[in-house]
Amino acid sequence: MDQKQQMQEWLDEQAKLKSRERLKKELADEGSVNINSLMDAVTIILIFLLMNFSTDPMKVTPHSKLQLPTSNTQLIAREKTVTLTVSADQILVNDAPVITVNNNEVDSVEADKLEIPQLKVHLDEVVNKTKALNAQTGQAFKDVITIIVHGDIHYRLIQKVIFTAGISSFTKFKFAVVKGGQLAQVQ
Amino acid sequence: MARKSKYVEVAEELNLIPIMNLVLCLIPCVLFKTQLVKIGMINVSAPSFGPASSKPKDDKEEKPLGLTVALSKEGFLLKATGANLFEVLGLTPDGEASGVKIAKKKDTFLSKDGDAVELVDYDFVALYDYLSRIKDAYKEEKLLTLVGEPDLEFKYLIRTMDVVRFRFESPKFSSLKELSAAAAQFKYKKTKEEVTGEDGKTKTVEAYEPLWDQVTFGAVQ
């Protein structure tokens, strides 16, 4: 009788173990993540990004302090040039901060003077470096400068920036704008 | 009686994880080079307040027109050093006016939400009309100087440049909405131009007819 009972207990235990293993196996199968839908979403994102892939030599990321004016121009940047950015709070040459702009004014410059000395120094440095590099490769220096201006900047400051760029041997000016927008649209 | 097979074929799912890893690595690379805003360029000639031009002066006795469009808080002011614009445009001078004034005008604009709002803004329609009439009288002239008030926002100069550079198909516009639509759809008059290529051969290409395409900035007065 005892042997029979022991046998029964052993059989019950084995049945329990088997059923637990089966349950474990079933749970493992159901728990695997199906990444097909994720794969679809990622592929769509990749295609969208590839469609907007830019090979432009100039890249501008507008932000609250650098909202470019809109224009219906069809010209695009074809070559890499020296860039001069005038945002609401600073002036940058080739993305390097040069001087702080405070309320559409450059602090260290007198109101009636057109030249911005700090900017002139930086532009001269850039011109000299570019000329030295070009001399090594046998290329001529291109006196083209791309000016990226925040749309709300006052004309007085733009005039000073252009004047300073002009005396730093730049004679051709290109203004960066955002393509699109309409005249009959609130700016 | 046919025997039922003991084994059931189970179609295994494709392991997409390596591809997924690759795609996820690609996304930041592409994202870095993606520009969601289309950037355009506007060429501006060397400003008149800059260093002296290296170009030799023409020996012609004919005085250049020297057309200037000044932007102020009141509107546009058209001036020319080489001509009387009142005569050219057939207008009667208003007292001792220094130039032809185009006052700001109330018009319907589209807000950023797409709603129509009435605003007082620059009269681009009248400006285009006057500038195209001046161009008819001075076909060889191309240079236009833009001058703004010291505290005028730069975006208004860019908007003005959109109107002055090329001649539209339509000679006149009745509203800003019409002019705006023509500019947005590039409805410019086309002309044929002879261009010498890098190989030295001359080709005839179709281009937009310029109005005042050499724009420069002048000094604040």
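Chains as they are written, first to last, in my numbering: chain Z, 1 to 187; chain E, 1001 to 1221. A virtual CB, placed ideally from N, CA and C, is assigned to each residue, including glycine.
With 16 other Cβ atoms within 10 Å as the buried cut-off, status of residue i
{"i": "residue 186(Z)", "result": "exposed"}
{"i": "residue 151(Z)", "result": "buried"}
{"i": "residue 1185(E)", "result": "exposed"}
{"i": "residue 1148(E)", "result": "buried"}
{"i": "residue 1167(E)", "result": "buried"}
{"i": "residue 1183(E)", "result": "buried"}
{"i": "residue 63(Z)", "result": "exposed"}
{"i": "residue 10(Z)", "result": "exposed"}
{"i": "residue 137(Z)", "result": "exposed"}
{"i": "residue 1120(E)", "result": "exposed"}
{"i": "residue 1007(E)", "result": "exposed"}
{"i": "residue 1114(E)", "result": "exposed"}
{"i": "residue 1125(E)", "result": "buried"}
{"i": "residue 1165(E)", "result": "buried"}
{"i": "residue 112(Z)", "result": "exposed"}
{"i": "residue 8(Z)", "result": "exposed"}
Residue i at chain E interface by Cβ criterion, 8 Å
{"i": "residue 97(Z)", "result": "no"}
{"i": "residue 100(Z)", "result": "no"}
{"i": "residue 128(Z)", "result": "no"}
{"i": "residue 154(Z)", "result": "yes"}
{"i": "residue 35(Z)", "result": "yes"}
{"i": "residue 117(Z)", "result": "no"}
{"i": "residue 53(Z)", "result": "yes"}
{"i": "residue 87(Z)", "result": "no"}
{"i": "residue 84(Z)", "result": "no"}
{"i": "residue 91(Z)", "result": "no"}
{"i": "residue 107(Z)", "result": "no"}
{"i": "residue 140(Z)", "result": "no"}
{"i": "residue 94(Z)", "result": "no"}
{"i": "residue 57(Z)", "result": "no"}
{"i": "residue 145(Z)", "result": "no"}
{"i": "residue 103(Z)", "result": "no"}
{"i": "residue 42(Z)", "result": "yes"}
Cβ-based neighbour list, residue i, same chain, cut-off 7 Å, excluding 5 preceding and 5 following
{"i": "residue 159(Z)", "result": "114"}
{"i": "residue 1110(E)", "result": "1116"}
Local conformation of residue i per DSSP, three classes
{"i": "residue 1041(E)", "result": "strand"}
{"i": "residue 1086(E)", "result": "helix"}
{"i": "residue 141(Z)", "result": "coil"}
{"i": "residue 1184(E)", "result": "helix"}
{"i": "residue 166(Z)", "result": "helix"}
{"i": "residue 71(Z)", "result": "strand"}
{"i": "residue 9(Z)", "result": "helix"}
{"i": "residue 1108(E)", "result": "strand"}
{"i": "residue 150(Z)", "result": "coil"}
{"i": "residue 118(Z)", "result": "helix"}
{"i": "residue 1092(E)", "result": "coil"}
{"i": "residue 155(Z)", "result": "helix"}
{"i": "residue 1173(E)", "result": "coil"}
{"i": "residue 128(Z)", "result": "helix"}
{"i": "residue 45(Z)", "result": "helix"}
{"i": "residue 171(Z)", "result": "coil"}
{"i": "residue 1118(E)", "result": "strand"}
{"i": "residue 1028(E)", "result": "helix"}
{"i": "residue 36(Z)", "result": "helix"}
Residue-level contact to chain Z via CB, residue i, 8 Å cutoff
{"i": "residue 1051(E)", "result": "Low confidence applies to residue 1051(E): its pLDDT is 49, below 50, so where it sits in the model is not reliable, and the reading given next is rough at best. At least one chain Z Cβ lies under 8 Å of residue 1051(E)."}
{"i": "residue 1103(E)", "result": "no"}
{"i": "residue 1214(E)", "result": "no"}
{"i": "residue 1044(E)", "result": "yes"}
{"i": "residue 1197(E)", "result": "no"}
{"i": "residue 1209(E)", "result": "no"}
{"i": "residue 1064(E)", "result": "no"}
{"i": "residue 1201(E)", "result": "no"}
{"i": "residue 1040(E)", "result": "yes"}
{"i": "residue 1158(E)", "result": "yes"}
{"i": "residue 1026(E)", "result": "yes"}
{"i": "residue 1030(E)", "result": "yes"}
Close beta carbons around residue i, own chain, < 8 Å, minus the five adjacent residues each side
{"i": "residue 1214(E)", "result": "1045, 1142, 1143 and 1144"}
{"i": "residue 1103(E)", "result": "1074, 1075 and 1123"}
{"i": "residue 89(Z)", "result": "65, 100, 101 and 102"}
Own chain residues within Cβ distance below 6 Å of residue i, not counting five before or after
{"i": "residue 1072(E)", "result": "1149"}
{"i": "residue 1217(E)", "result": "1047 and 1146"}
{"i": "residue 1173(E)", "result": "1125 and 1179"}
{"i": "residue 23(Z)", "result": "none"}
{"i": "residue 122(Z)", "result": "93 and 98"}
Any chain B beta carbon closer than 8 Å to residue i
{"i": "residue 46(Z)", "result": "Among the protein chains of the structure shown, namely Z and E, there is no chain B."}
Would you call the region 55-72 of chain Z in contact with the region 1017-1032 of chain E, where contact means no fewer than 3 C-beta pairs closer than 8 Å?
With contact defined as three or more Cβ pairs closer than 8 Å, the region 55-72 of chain Z and the region 1017-1032 of chain E are not in contact.
Pair every Cβ in the region 154-174 of chain Z with every Cβ in the region 1093-1100 of chain E, then say whether three or more of these pairs are closer than 8 Å.
No, because fewer than three Cβ pairs between the region 154-174 of chain Z and the region 1093-1100 of chain E fall closer than 8 Å, the two stretches do not touch.
Quick check: the region 1151-1159 of chain E against the region 1127-1138 of chain E, are at least 3 beta-carbon pairs closer than 8 Å?
Taking a cut-off of 8 Å on C-beta distances, the region 1127-1138 of chain E does not touch the region 1151-1159 of chain E, as fewer than three cross pairs fall below it.
Segment contact, 8 Å Cβ cut-off, at least three pairs: the region 77-89 of chain Z with the region 138-146 of chain Z
The region 138-146 of chain Z and the region 77-89 of chain Z touch, with three or more beta-carbon pairs separated by less than 8 Å.
Does the region 35-52 of chain Z come close enough to the region 60-70 of chain Z that 3 or more CB-CB pairs lie under 8 Å?
Not touching, per the Cβ criterion.
Check whether the region 1013-1021 of chain E and the region 33-44 of chain Z touch, using three or more Cβ-Cβ pairs below 8 Å as the test.
Touching, yes, given that three or more Cβ pairs across the two stretches are closer than 8 Å.
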